[in-house]
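Chemist: Quick note on the numbering used here: the sequence shown kicks off at 8 and runs consecutively.
Note that CB positions come from ideal geometry on N, CA and C, so glycine has one too.
From a predicted model like this one, the values you see are computed outputs, not experimental measurements.
First, the structure itself, so that you have it in front of you.
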Amino acid sequence: MKAGFLADLAELYPDLDDTFLREAHEGFELVHVAGGEVLVRHGEPSDALYILMRGRLVATRQDASGDTVRLGEIGRGEIIGEMSVLTGGTRTATVAGLRDSQLIRISNEVFLRFMQHHPSVMRQFVQVLIDRLGQRAPDRREKLSTIALVPAGPRTDVDDFARALAQAFGADVAPLLLDLASVRARFPGAFDTAADAEISGWLNDLEREHGLLLYVCDVRSARWSELCLRQADRVLLVGDAGDDPVPTALETRLFGRAGVGNLRGCELVLLHATDTELPRDSERWLGQRSLRCHHHVRAGDGERMRRLARHLRGRSVGLVLGGGGAKAFAEIGVLRALEKAGVPVDVVGGTSMGAVIGALAALGHDAQAVHATLREALLLKPFSGLTLPVVSLLSGKRLAHMMRFLFGDVRMEDLWRRYFCVSCSLTRGTVEVHESGELAKWVTASNAVPGILPPVRKNGELFVDGGLLNNLPADAMSARNPGPVIAVNVSGVAELRAGVADDADLSGWSMALDGLRVQDGRDRVPRIGRVLMRSMLLASANHSQSMRAHAALYLTPPVEGVDPGDWHALDQLVESGYRYTMEALEKWDPRQISL
Numbered sequence: 008m009k010a011g012f013l014a015d016l017a018e019l020y021p022d023l024d025d026t027f028l029r030e031a032h033e034g035f036e037l038v039h040v041a042g043g044e045v046l047v048r049h050g051e052p053s054d055a056l057y058i059l060m061r062g063r064l065v066a067t068r069q070d071a072s073g074d075t076v077r078l079g080e081i082g083r084g085e086i087i088g089e090m091s092v093l094t095g096g097t098r099t100a101t102v103a104g105l106r107d108s109q110l111i112r113i114s115n116e117v118f119l120r121f122m123q124h125h126p127s128v129m130r131q132f133v134q135v136l137i138d139r140l141g142q143r144a145p146d147r148r149e150k151l152s153t154i155a156l157v158p159a160g161p162r163t164d165v166d167d168f169a170r171a172l173a174q175a176f177g178a179d180v181a182p183l184l185l186d187l188a189s190v191r192a193r194f195p196g197a198f199d200t201a202a203d204a205e206i207s208g209w210l211n212d213l214e215r216e217h218g219l220l221l222y223v224c225d226v227r228s229a230r231w232s233e234l235c236l237r238q239a240d241r242v243l244l245v246g247d248a249g250d251d252p253v254p255t256a257l258e259t260r261l262f263g264r265a266g267v268g269n270l271r272g273c274e275l276v277l278l279h280a281t282d283t284e285l286p287r288d289s290e291r292w293l294g295q296r297s298l299r300c301h302h303h304v305r306a307g308d309g310e311r312m313r314r315l316a317r318h319l320r321g322r323s324v325g326l327v328l329g330g331g332g333a334k335a336f337a338e339i340g341v342l343r344a345l346e347k348a349g350v351p352v353d354v355v356g357g358t359s360m361g362a363v364i365g366a367l368a369a370l371g372h373d374a375q376a377v378h379a380t381l382r383e384a385l386l387l388k389p390f391s392g393l394t395l396p397v398v399s400l401l402s403g404k405r406l407a408h409m410m411r412f413l414f415g416d417v418r419m420e421d422l423w424r425r426y427f428c429v430s431c432s433l434t435r436g437t438v439e440v441h442e443s444g445e446l447a448k449w450v451t452a453s454n455a456v457p458g459i460l461p462p463v464r465k466n467g468e469l470f471v472d473g474g475l476l477n478n479l480p481a482d483a484m485s486a487r488n489p490g491p492v493i494a495v496n497v498s499g500v501a502e503l504r505a506g507v508a509d510d511a512d513l514s515g516w517s518m519a520l521d522g523l524r525v526q527d528g529r530d531r532v533p534r535i536g537r538v539l540m541r542s543m544l545l546a547s548a549n550h551s552q553s554m555r556a557h558a559a560l561y562l563t564p565p566v567e568g569v570d571p572g573d574w575h576a577l578d579q580l581v582e583s584g585y586r587y588t589m590e591a592l593e594k595w596d597p598r599q600i601s602l
């Protein structure tokens, strides 16, 4: 084993004594794993443990449906397979190279031999393993040291984009830009006579000296671009939204191997002209690539570039807006307070009326515009229009008209902010998270209260209000956004009582003959709409409370005494939500959100 790696081992584990390090070179093996290459497979017998010295690995496992689930990334100094070696079990995950990586391999035989001949040393090593396991904190942020920027179109100026992105990261990160010219300045014969291994060693040294490296791929040198990808923790495809979306020759060469894009967490950044009001036709780009997610950035828009930088650092702020009918208007006040306090909102998700407000925010509207737009939309009386109650009490035509008024033919892929909404599939009995497709359609589905509004149909499947099973999808946000989550619960499930005798006849005819049992201008018996809404909210009330565990900030604006169908309470609820959130932010430690 090279002495340099023994020095690295001593640096990573300073408690190991010299005896261990002197003996280590006899039995420890240095192995190399290329980006995309599998190190160990789930279910295989364990024959060794590994210590990652350089590079990055990713752990995955297949779920019951056969889909690959990404468990997390493995960084320098972390150990792979220690538990299966100590217990004699099988591999609990598949581990592959996220980028070119170098590891120390300690076989079971060597491990046992060291135990026999150097029991005190191995006891110390095992204790180090145990200590490392105990120190592992559940940090969901993916470790990021290197990003490769790949042009995804003939007009893309990746150099300009790299400089703008470096500036967006700020002085505390100060990324180092590496392009073909900078490498050839150090290695005049780079990719002609100089070996890639020599350049890789230099790049590894730079990675240890700097917080973040930005590799700028170049269409003039496929070898340099391939090396960029082998060194990268994350890959950004950067394309001009007005270009032809067909993958370039460089893309095809770099991502020719199946699964490489998914494994490395490739993301697409689409650049738009300064006068672009809303992106269009993003689906043309997405349908031809295997991507983790995509982002829209307008030229010269520093805030959207900073949003991308926060996302890459695992610090993007996710805002989850719960359902509750008219009570959700308080969430507009929450938006206003966050804007006032300078808390950015990078990703938005919601259920029911929270999905409507979230979609307007994702379109790029500020709180004032959301407020004004909803006030105008409510004039369309979306929750009215009785029909023959075979499928639902309301026909849903007025709600559909309001959704078209709000969102037109916009698709979810074309929103400035990343966005999702939640519905429930009556067909399969599952919670569905929608991130693509017609915005109006899926926001309508998220608001289709069973019995009040007709289900939304797609390919014969029926979708209804997400509040039936998940009225506050903070868990869905947590799964999609590694940064802090702000969750807003406005369900406010209050008591529902009947102001009549227990033996009173509550049939429809009896109610009609008795003047609908109205007293002092109020219903003495709750109408069918309130009963259905209440029943739906009860189904996910406990679930909403459990969402606290996913939130860095959990807000419950005061909505008591407001009926979910009181659409005239808009201004009142916006103001109360704003005052409540401003007070909550004054008491809140912003370090919890770690921007």
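In whole angstroms, what separates the C-alpha of E468 from that of W292?
Modeler: Here residue 468 corresponds to residue number 461 of the sequence shown, with the count starting at 1. Here residue 292 corresponds to residue number 285 of the sequence shown, with the count starting at 1. Approximately 27 Å, taken between the alpha carbons.
Chemist: Give the range of the beta strand (DSSP E) segment to which G79 is assigned.
Modeler: Translated into the one-based positions of the sequence shown, residue 79 becomes position 72. Counting along the chain, the beta strand (DSSP E) containing G79 begins and ends at 75 to 81.
Chemist: Taking 7 Å as the cut-off, decide whether the C-beta atoms of G329 and T283 are in contact.
Modeler: For this step, residue 329 is matched to residue 322 along the sequence shown. For this step, residue 283 is matched to residue 276 along the sequence shown. Not in contact: G329 and T283 (Cβ atoms no closer than 7 Å).
Chemist: Tell me whether S297 sits in a helix, a strand or coil according to DSSP, three-state version.
Modeler: Reading the sequence shown from its first residue, position 290 is the one you call residue 297. Looking at S297 - three-state DSSP - the assignment turns out to be coil, as it is neither helix nor strand.
Chemist: Consult DSSP for G356 and reduce its assignment to one of helix, strand or coil.
Modeler: Locating residue 356 in the sequence shown gives position 349, counting from the first residue. Here G356 sits in strand by DSSP.
Chemist: To which residues does DSSP link G325 through a beta bridge?
Modeler: In the sequence shown, counting from the first residue as 1, residue 325 sits at position 318. According to DSSP, G325 bridges with V354, V492.
Chemist: Check D482 in the structure and name its three-state DSSP category.
Modeler: Mapped onto the sequence shown, residue 482 falls at position 475. Helix.
Chemist: Can you list, in chain order, the residues of its chain with a C-beta nearer than 8 Å to that of G54? Leave out the 5 residues immediately preceding and following it.
Modeler: What you label residue 54 is simply residue 47 of the sequence shown in a count that begins at 1. Note that residue 54 is Asp in the sequence shown here, rather than Gly. Taken in chain order, the residues that qualify are S114, N115.
Chemist: Taking the beta carbon of N488 as the centre, do at least 16 other beta carbons fall within 10 Å, making it buried, or is it exposed?
Modeler: As a working note, residue 488 is residue 481 in the sequence shown. Counting Cβ neighbours within 10 Å, N488 comes out buried, since at least 16 surround it.
Chemist: Need the endpoints of the alpha helix (DSSP H) that Q374 sits in, please.
Modeler: Reading the sequence shown from its first residue, position 367 is the one you call residue 374. Per the sequence shown, the amino acid found at residue 374 is Ala instead of Gln. First-last of the alpha helix (DSSP H) with A374: 374 to 385.
Chemist: Does the beta-carbon of E274 have 16 or more other beta-carbons within 10 angstroms, so that it is buried, or is it exposed?
Modeler: Counting from 1 along the sequence shown, the entry for residue 274 is found at position 267. So E274 counts as buried.
Chemist: Provide the residue span of the beta strand (DSSP E) that contains G246, from first to last.
Modeler: Against the sequence shown, residue 246 aligns to sequence position 239. Here the beta strand (DSSP E) through G246 covers 241 to 247.
Chemist: Identify the continuous beta strand (DSSP E) that holds R68 and give its terminal residues.
Modeler: Position 61 of the sequence shown, counted from the start, is the residue given in the question as residue 68. Run containing R68: 64 to 69, per the beta strand (DSSP E) assignment.
Chemist: Starting from the Cα of F336, find the closest Cα among A366, A306, L381 and give me that residue.
Modeler: Taking the sequence shown and counting its residues from 1, one reaches residue 336 at position 329. Out of A366, A306, L381, L381 has the C-alpha closest to the C-alpha of F336.
Chemist: For the structure I just gave you, are there three or more beta carbon pairs, one from the segment 359 to 371 and one from the segment 466 to 485, closer than 8 Å?
Modeler: With a cut-off of 8 Å, the segment 466 to 485 and the segment 359 to 371 count as touching, because enough Cβ pairs lie within range.
Chemist: Can you tell me whether W209 is buried or exposed? The criterion is at least 16 other CB atoms within 10 Å of its CB, across all chains shown.
Modeler: Working through the sequence shown from its first residue, we reach residue 209 at position 202. It is exposed - the Cβ of W209 has fewer than 16 other Cβ atoms within 10 Å.
Chemist: Please state the DSSP three-state secondary structure of L236.
Modeler: By 1-based counting over the sequence shown, the position of residue 236 is 229. If DSSP states are grouped into helix, strand and coil, L236 belongs with the helices.
Chemist: Out of curiosity, what's the CA-to-CA distance linking L413 and A384?
Modeler: Working through the sequence shown from its first residue, we reach residue 413 at position 406. Working through the sequence shown from its first residue, we reach residue 384 at position 377. If you take the alpha carbons of L413 and A384, they lie about 7 Å apart.
Chemist: Should A103 and V65 be called a contact, given that it needs their Cβ atoms to be closer than 7 Å?
Modeler: In the sequence shown, the residue the question calls residue 103 occupies position 96. In the sequence shown, the residue the question calls residue 65 occupies position 58. It is a contact, given that the beta carbons lie within the stated cut-off.
Chemist: Quick check: the Cα distance between R531 and G584, rounded to an integer number of angstroms?
Modeler: Within the sequence shown, the letter at position 524 stands for residue 531. Within the sequence shown, the letter at position 577 stands for residue 584. Caution is warranted here: a pLDDT of 49 is assigned to R531, below 50, making its placement in the model unreliable, and the coordinate value is therefore given only provisionally. Going from the Cα of R531 to the Cα of G584 covers about 29 Å.
Chemist: Is the separation between the beta-carbon of G415 and that of R405 shorter than 7 Å?
Modeler: In the sequence shown, counting from the first residue as 1, residue 415 sits at position 408. In the sequence shown, counting from the first residue as 1, residue 405 sits at position 398. Not a contact, by the Cβ cut-off of 7 Å.
Chemist: Could you work out which residue in V497, V429, R464, I459 is closest to L476 when comparing CA atoms only?
Modeler: One-based indexing of the sequence shown puts residue 476 at position 469. Among V497, V429, R464, I459, the Cα nearest to that of L476 is on V429.
Chemist: Return the Cβ separation of G350 and V324 in integer angstroms, given the expectation that the two are a contact with Cβ distance under 8 Å.
Modeler: Working through the sequence shown from its first residue, we reach residue 350 at position 343. Working through the sequence shown from its first residue, we reach residue 324 at position 317. At residue 350 the sequence reads Val, which differs from the Gly that was named. With a Cβ gap of about 7 Å, V350 and V324 count as contacting.
Chemist: Say whether the segment 104 to 113 touches the segment 57 to 74, bearing in mind that this needs 3 or more beta-carbon pairs closer than 8 Å, one atom from each stretch.
Modeler: yes
Chemist: Using a Cβ-Cβ cutoff of less than 6 Å, which residues in the same chain neighbour I493 once the five nearest sequence positions on both sides are dropped?
Modeler: The count along the sequence shown starts at 1 and reaches residue 493 at position 486. The answer, listed in chain order, is L326, L560.
Chemist: With 16 other CB atoms within 10 Å as the buried threshold, where does E420 fall?
Modeler: Here residue 420 refers to the residue found at position 413 when the sequence shown is read from its first residue. Buried is the call here.
Chemist: Mind listing, in chain order, the continuous alpha helix (DSSP H) runs of no fewer than 4 residues lying wholly within the segment 401 to 487?
Modeler: 404 to 414, 446 to 453, 481 to 487
Chemist: Might you give, ordered along the chain, the residues of its own chain that have their beta carbon closer than 7 Å to the beta carbon of V569, omitting 5 neighbours on each side?
Modeler: Residue mapping note: residue 569 aligns to position 562 of the sequence shown, counting from 1. Result list for V569: A333, K334, A576, L580, in chain order.
Chemist: Could you check if V45 is buried or exposed, using at least 16 other CB atoms within 10 Å of its CB as the buried criterion?
Modeler: Locating residue 45 in the sequence shown gives position 38, where the first residue counts as 1. V45 is exposed by the Cβ-count criterion.
Chemist: State the start and end residues of the unbroken alpha helix (DSSP H) segment that holds V165.
Modeler: As a working note, residue 165 is residue 158 in the sequence shown. Segment 165 to 176, the alpha helix (DSSP H) holding V165.
Chemist: State the Cα-Cα distance for the pair R314 and L244, rounded to the nearest angstrom.
Modeler: Here residue 314 corresponds to residue number 307 of the sequence shown, with the count starting at 1. Here residue 244 corresponds to residue number 237 of the sequence shown, with the count starting at 1. Going by the C-alpha atoms only, they are around 17 Å apart.
Chemist: With a Cβ-Cβ cutoff of 7 Å, do L184 and L151 count as a contact?
Modeler: As a working mapping, residue 184 is identified with position 177 in the sequence shown. As a working mapping, residue 151 is identified with position 144 in the sequence shown. It is not a contact, given that the beta carbons lie outside the stated cut-off.
Chemist: Which term fits K388, buried or exposed, when burial requires 16 or more other beta carbons within 10 angstroms of its beta carbon?
Modeler: If you number the sequence shown from 1, residue 388 lands on position 381. With fewer than 16 Cβ atoms within 10 Å of its Cβ, K388 is classed as exposed.
Chemist: Near T281, which residues of its chain fall below 7 Å by C-beta distance, leaving aside the five closest residues on each side in sequence?
Modeler: Here residue 281 refers to the residue found at position 274 of the sequence shown. Same-chain partners within the cutoff: R305, A306, G307.
Chemist: Can you give me the C-alpha to C-alpha distance between T437 and G473, rounded to a whole angstrom?
Modeler: As a position in the sequence shown, residue 437 is number 430, starting the count at 1. As a position in the sequence shown, residue 473 is number 466, starting the count at 1. The straight-line gap from Cα to Cα measures roughly 10 Å.
Chemist: Hey, V223 and D166 are a contact pair by Cβ (cut 8 Å); roughly how many whole angstroms apart?
Modeler: Position 216 of the sequence shown, counting from 1, holds the residue named residue 223. Position 159 of the sequence shown, counting from 1, holds the residue named residue 166. Yes, they are in contact, since the Cβ atoms of V223 and D166 sit about 6 Å apart, within 8 Å.
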